[in-house]
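> The structure that follows is given in the form of structure tokens.
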Amino acid sequence: MNALAELYDHVAIGLSVAVSPTNLWYCLLGVFLGQLLGALPGIGALVAITLLFPITYHLEPTTALIMLAGIYYGSAYGGSTASILLNLPGTPSSAVACLDGYPLARQGRAGAALSMTTIGSFVGGSIGIILMMLFAPTIAEWALEFGPWEYVALIIVGLVSASTVGSESPLKGIAMVIIGIMVGLVGQDIGSGIPRFTFGSNELLDGVGLVAVAIGLFGVAEVISTLKSGFADEVNQFKVTLRSMIPTRDDARRSWKPILRGSAVGSFFGILPGTGALIASFISYAVERKLADDPSRFGKGAMEGLVAPETANNAADQTAFIPTMTLGIPGSATMAIMLGVLIMNGITPGPAVIAEKPELFWGLIMSFWIGNVILVILNIPMIGIWTRILTVPYRALYPFILAFVCMGIYSIAQSSFDIWIVFVAGALGYFFRILDLPLAPLILGVVLGPMFEEHFLRSQVLSRGDFMMFLQRPVSLVLLLIALAIVVTSAYSALFPRKVQEPVIDGGTNA
Amino acid sequence: MNLSINRDAVAGVVLGALGAFVAIYAYLSYPIGNMARMGPGMFPLLLGVTLLLIAIAIFLLSFLRQRHSIEVNLRAGGLVLLALAIFAATVDPFGVVPSMMVLMVISYFAVPGRNILTTIILSAAVTALMVIIFVYIMNLHLKLFAWPL
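Chains as they are written, first to last, in numbering that gives the first Met the number 0: chain X, 0 to 510; chain D, 0 to 148.
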């Protein structure tokens with residue numbers, strides 16, 4: 000009863016924050032832009048968030064988070080639209096939606112496919128939010144007792160899994176994380192006050208800005224490498240009328256169980272660092288194919304094969320906020336940027352945030368509800384707009400991205416030095432992409448590096464340089480064993496690859 | 000452009016050089032300390048050495064596996080980066096509007112088959128849109144035009 004009253008209080012605090020006119024407007028703007036950019040092929044959640052990040056720079060931290068989060072889960076709704084209608088994933092986590100979504104569209108059932116994915120996305124998102132409301136405060140309370148050893152171990156798990164799980168070369172992922180941590184080293188050392196790796200530059204004393212690096216990597220380097228792959232200019236258009244969007248009784252009968260299973264799979268993989276929406280959608284597809292009475296229908300327009308993964312990726316997008324907000328450890332590059340918003344506003348991410356800033360945490364959660372309802376409205380009655388937007392080819396689009404990159408970064412501090420950092424990050428980022436080195440782990444390293452060093456230093460001071468403390472404390476021991484298991488399994492699967500049976504996905508950015 | 004060089008071997012050399020540089024630079028420039036009292040040089044030194052070891056592994060493994068050649072889009076990469084550099088160099092002395100125009104015109108030509116006249120019209124349209132969003136909607140005080148005298 001007591002817990003229920005507490006939850007009621009929290010919901011009330013959150014709602015009062017989320018429905019303030021400013022927050023409501025930025026929530027609407029965020030999900031709208033997320034839906035728009037998610038629907039455009041070639042722009043995923045990561046690119047969308049980095050592009051719009053400078054806009055949130057002048058906002059309150061709660062409002063900024065509400066908007067960026069809206070872009071994030073909004074792009075998951077928009078991503079499936081492109082998959083179904085164009086056979087091109089709008090975001091990487093919607094790649095699976097092509098497998099059965101596009102065949103459905105070719106059978107003239109695009110409307111029903113779109114409305115069923117919207118319903119699935121909403122249910123998945125809702126279940127994810129409910130889990131976050133129920134468990135995040137408990138996890139945070141438990142994590143308050145963590146010492147520097149636990150944090151070092153947690154950060155290692157986060158970095159290792161984010162850079163190795165699902166990657167074809169785990170070594171390259173880890174190398175990029177280390178480079179990210181090195182970028183984070185630049186500037187004045189907190190402990191000694193000595194400037195490190197600034198090479199005599201005064202501008203570098205404060206460090207290399209996360210925003211400029213992220214924009215250089217995802218706004219510039221990704222643009223250049225996407226220009227190479229060249230998206231098709233001609234576009235198959237399917238007519239989507241409101242009438243065709245009404246699902247049949249058969250669709251509903253087939254889909255309700257996959258929707259529930261997709262929510263469970265998605266929620267689980269969303270919480271795990273490094274896995275997230277992309278892997279959740281693949282696993283959910285595999286689960287449905289295994290459970291189906293007639294697996295041969297999959298790939299030819301099976302509604303279950305479309306709805307389940309689309310539900311899963313939305314559930315995962317929501318539960319990914321749980322480790323980010325309760326522990327301060329982001330599980331993906333996108334979450335690292337969310338965390339960057341907190342850090343830049345002087346809020347130390349970690350378990351204390353929920354207790355000390357309830358209006359931020361609960362306001363964000365209640366905005367998730369509002370945002371998800373808005374997305375259903377955007378997707379069902381307004382679908383016509385999105386189908387038309389899909390026809391914009393990338394070659395017409397990328398100049399807008401570059402214009403936004405430059406204006407965005409210049410608007411933050413009116414400093415051309417920041418643009419030069421974008422330039423360097425863009426050039427190096429493209430160079431890394433040529434060498435097939437992934438960029439997403441790098442940004443995770445930039446955010447987590449300083450935290451890692453701080454906790455590592457403190458742990459060594461407290462235990463007088465004794466490494467054994469990591470193994471003597473049960474929580475850090477378990478976490479380090481998990482990290483080891485992840486390294487061993489991904490090294491094994493990279494050295495002895497199974498025969499490929501999963502669909503190939505395009506797009507280098509890992510949302 | 001396609002270079003038939005072993006891609007992963009190049010990656011290994013580049014990463015290894017970076018790791019070695021950071022380790023050596025940290026060792027020579029900053030106090031290292033010991034594990035119980037780590038100096039500001041210790042963490043970068045450990046990072047540099049780890050990166051070097053991983054790079055050696057990537058380099059060696061590249062000879063065991065299927066080789067990939069290097070693909071570079073010189074036109075897109077060169078023009079986009081050139082446009083960005085010109086924007087960075089001109090935005091303070093000349094203001095947002097002229098430098099944004101130059102940025103747009105050059106980056107439009109990153110893909111082949113553009114017409115000069117439409118490019119200029121589109122560039123002007125994008126520039127106007129950016130001014131509307133950032134100066135009028137977001138109310139930021141940005142210098143639109145300037146003359147470096």
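Backbone N, C-alpha and C fix where the C-beta goes; we use that ideal spot for every residue, glycine too.
Please read all numbers here as calculations on a predicted model, not as lab measurements.
Where does residue 387 of chain X fall in DSSP's three states?
Position 388 of the first sequence, counted from the start, is the residue given in the question as residue 387 of chain X. Helix at residue 387 of chain X.
> Grouping DSSP H, G and I as helix and E and B as strand, with all else coil, what is residue 144 of chain X?
Position 145 of the first sequence, counted from the first residue, corresponds to residue 144 of chain X. Three-state DSSP puts residue 144 of chain X in coil, outside helix and strand.
> Just verifying my parser: in three-state terms, what is the DSSP assignment at residue 29 of chain X?
As a working note, residue 29 of chain X is residue 30 in the first sequence. Correct three-state label for residue 29 of chain X: helix.
> To the nearest angstrom, how far is the alpha carbon of residue 129 of chain D from that of residue 63 of chain X?
One-based indexing of the second sequence puts residue 129 of chain D at position 130. One-based indexing of the first sequence puts residue 63 of chain X at position 64. Each residue's alpha carbon lies about 20 Å from the other.
> Going along chain D, which residues have a C-beta under 8 Å from residue 418 of chain X?
What you label residue 418 of chain X is simply residue 419 of the first sequence in a count that begins at 1. Per Cβ cutoff of 8 Å: 83, 86, 87 and 90.
> Give, in chain order, every residue of the segment 124–135 of chain D whose Cβ lies closer than 7 Å to some Cβ of chain X.
Listed by position, the residues of the segment 124–135 of chain D near chain X (Cβ gap below 7 Å) are 125, 129 and 133.
> Just to make sure I have the definition right: I need the residues of chain X whose C-beta is within less than 8 Å of the C-beta of residue 49 of chain D. Which are they?
Counted from its first residue, the second sequence places residue 49 of chain D at position 50. Result: 177.
> Which same chain residues, not among the five before or five after residue 505 of chain X, have their C-beta less than 6 Å away from its C-beta?
One-based indexing of the first sequence puts residue 505 of chain X at position 506. Here the model assigns residue 505 of chain X a pLDDT of 41, short of 50, so the residue's position is not dependable, and the following value carries that caveat. There are no such residues.
> Measure the alpha-carbon distance for residue 366 of chain X versus residue 57 of chain X and round it to whole angstroms.
By one-based count along the first sequence, residue 366 of chain X stands at place 367. By one-based count along the first sequence, residue 57 of chain X stands at place 58. Straight-line Cα distance between these residues: approximately 19 Å.
> Starting from residue 65 of chain X, find everything on chain D with Cβ-Cβ shorter than 7 Å and list it in chain order.
Indexing the first sequence from 1 puts residue 65 of chain X at position 66. Under the 7 Å cutoff, chain D gives no residues; its nearest Cβ is about 17 Å from residue 65 of chain X.
> Quick one: give me the first and last residue of the alpha helix (DSSP H) that residue 61 of chain D is part of.
By one-based count along the second sequence, residue 61 of chain D stands at place 62. No alpha helix (DSSP H) contains residue 61 of chain D, which DSSP labels as neither H nor E.
> Can you tell me whether residue 34 of chain X is helix, strand or coil according to DSSP?
Counting from one through the first sequence, the residue named residue 34 of chain X turns up at place 35. Looking at residue 34 of chain X - three-state DSSP - the assignment turns out to be helix.
> So if DSSP puts residue 195 of chain X in a beta bridge, which residue, or which two residues, is it bridged to?
Position 196 of the first sequence, counted from the start, is the residue given in the question as residue 195 of chain X. Paired residues: X/186.
> Who are the Cβ neighbours of residue 39 of chain D in its own chain at under 7 Å, not counting the five residues just before and after it?
Counted from its first residue, the second sequence places residue 39 of chain D at position 40. Result list for residue 39 of chain D: 29 and 30, in chain order.
> Going by beta-carbon coordinates alone, are residue 212 of chain X and residue 196 of chain X separated by less than 8 Å?
Along the first sequence, read from residue 1 onward, the residue named residue 212 of chain X stands at position 213. Along the first sequence, read from residue 1 onward, the residue named residue 196 of chain X stands at position 197. Contact: no.
> Tell me the residue span of the alpha helix (DSSP H) that contains residue 368 of chain X.
Position 369 of the first sequence holds residue 368 of chain X. 357–378 is the span of the alpha helix (DSSP H), which, as asked, contains residue 368 of chain X.
> How many whole angstroms separate the CB atoms of residue 127 of chain X and residue 317 of chain X, which I take to be in contact at a CB cut-off of 8 Å?
For the purposes of this step, residue 127 of chain X is taken as residue 128 along the first sequence, with counting starting at 1. For the purposes of this step, residue 317 of chain X is taken as residue 318 along the first sequence, with counting starting at 1. Contact holds; Cβ gap of about 3 Å.
> Distance cutoff 8 Å, beta carbons only. Does residue 108 of chain D sit that close to anything in chain X?
In the second sequence, the residue the question calls residue 108 of chain D occupies position 109. With 8 Å as the cut-off, residue 108 of chain D does not count as an interface residue toward chain X.
> Taking 8 Å as the threshold, find out whether the segment 135–155 of chain X comes into contact with the segment 324–336 of chain X through three or more Cβ pairs.
Output reads yes: the segment 324–336 of chain X touches the segment 135–155 of chain X.
> Among X/60, X/83, X/481 and X/151, which has the Cα closest to the Cα of residue 301 of chain X?
Counted from its first residue, the first sequence places residue 301 of chain X at position 302. That would be X/83, whose Cα lies nearest to the Cα of residue 301 of chain X.
> Does the structure place the segment 84–93 of chain D close enough to the segment 405–420 of chain X that three or more beta carbon pairs sit under 8 Å?
Because the criterion of three Cβ pairs below 8 Å is met, the segment 405–420 of chain X and the segment 84–93 of chain D touch.
> How many whole angstroms separate the CB atoms of residue 42 of chain D and residue 355 of chain X, which I take to be in contact at a CB cut-off of 8 Å?
Residue 42 of chain D sits at position 43 when you count from the first residue of the second sequence. Residue 355 of chain X sits at position 356 when you count from the first residue of the first sequence. With a Cβ gap of about 29 Å, residue 42 of chain D and residue 355 of chain X do not count as contacting.
> Taking CB distances under 8 Å as the criterion, tell me whether residue 114 of chain X reaches chain D.
In the first sequence, counting from the first residue as 1, residue 114 of chain X sits at position 115. No, residue 114 of chain X does not count as interfacial toward chain D.
> Quick check on this structure: which residue in X/481, X/465 and X/439 has the alpha carbon closest to the alpha carbon of residue 35 of chain D?
On the second sequence, position 36 is the one that residue 35 of chain D refers to. Looking at the Cα atoms, X/465 is the closest of the given residues.
> CA-CA distance, residue 83 of chain D and residue 424 of chain X?
One-based indexing of the second sequence puts residue 83 of chain D at position 84. One-based indexing of the first sequence puts residue 424 of chain X at position 425. The alpha-carbon atoms of residue 83 of chain D and residue 424 of chain X are separated by roughly 12 Å.
> Is the Cβ of residue 149 of chain D closer than 8 Å to any Cβ of chain X?
Residue 149 of chain D cannot be examined here, being either before or after the span of chain D that is shown, 0 to 148.
> With distances taken between CB atoms, is the gap from residue 95 of chain X to residue 294 of chain X smaller than 8 Å?
By 1-based counting over the first sequence, the position of residue 95 of chain X is 96. By 1-based counting over the first sequence, the position of residue 294 of chain X is 295. Not closer than 8 Å, so no.
> Could you spell out where the alpha helix (DSSP H) holding residue 207 of chain X opens and where it closes?
Here residue 207 of chain X is taken as the residue at index 208 of the first sequence, counted from 1. Counting along the chain, residue 207 of chain X falls outside any alpha helix (DSSP H), and DSSP gives it neither H nor E.
> Counting C-beta neighbours from all protein chains within 10 Å, is the total for residue 352 of chain X 16 or more, i.e. buried, or is it exposed?
Against the first sequence, residue 352 of chain X aligns to sequence position 353. Its Cβ being crowded by 16 or more others within 10 Å, residue 352 of chain X is buried.
> Output the boundary residues of the alpha helix (DSSP H) element that contains residue 9 of chain X.
In the first sequence, the residue the question calls residue 9 of chain X occupies position 10. It spans 1–17 - the alpha helix (DSSP H) in which residue 9 of chain X sits, taken as one unbroken run.
> So, helix, strand or coil for residue 167 of chain X, using DSSP?
Position 168 of the first sequence holds residue 167 of chain X. Residue 167 of chain X: coil per DSSP, three-state reduction.
> Got a sec: is the Cβ-Cβ distance from residue 204 of chain X to anything in chain D below 8 Å?
Taking the first sequence and counting its residues from 1, one reaches residue 204 of chain X at position 205. Chain D, which has no Cβ nearer than 8 Å to the Cβ of residue 204 of chain X, makes this no.
> Bridge partners for residue 32 of chain D per DSSP, in chain order?
For the purposes of this step, residue 32 of chain D is taken as the residue at position 33 of the second sequence. Beta-bridge pairing links residue 32 of chain D to D/37.
> On the CB-based measure, 16 or more other CB atoms within 10 Å of its CB, does residue 225 of chain X come out buried or exposed?
Translated into positions along the first sequence, residue 225 of chain X becomes position 226. Classification of residue 225 of chain X: buried, given that the 10 Å Cβ count is 16 or more.
> Could you have a look at residue 70 of chain D and say whether DSSP puts it in helix, strand or coil?
In the second sequence, residue 70 of chain D corresponds to position 71, counting from 1. Strand at residue 70 of chain D.
> What are the residues of the segment 446–457 of chain X that lie near chain D, defined by any Cβ-Cβ distance shorter than 9 Å?
The segment 446–457 of chain X vs chain D, Cβ under 9 Å: 448, 451, 452, 455 and 456.
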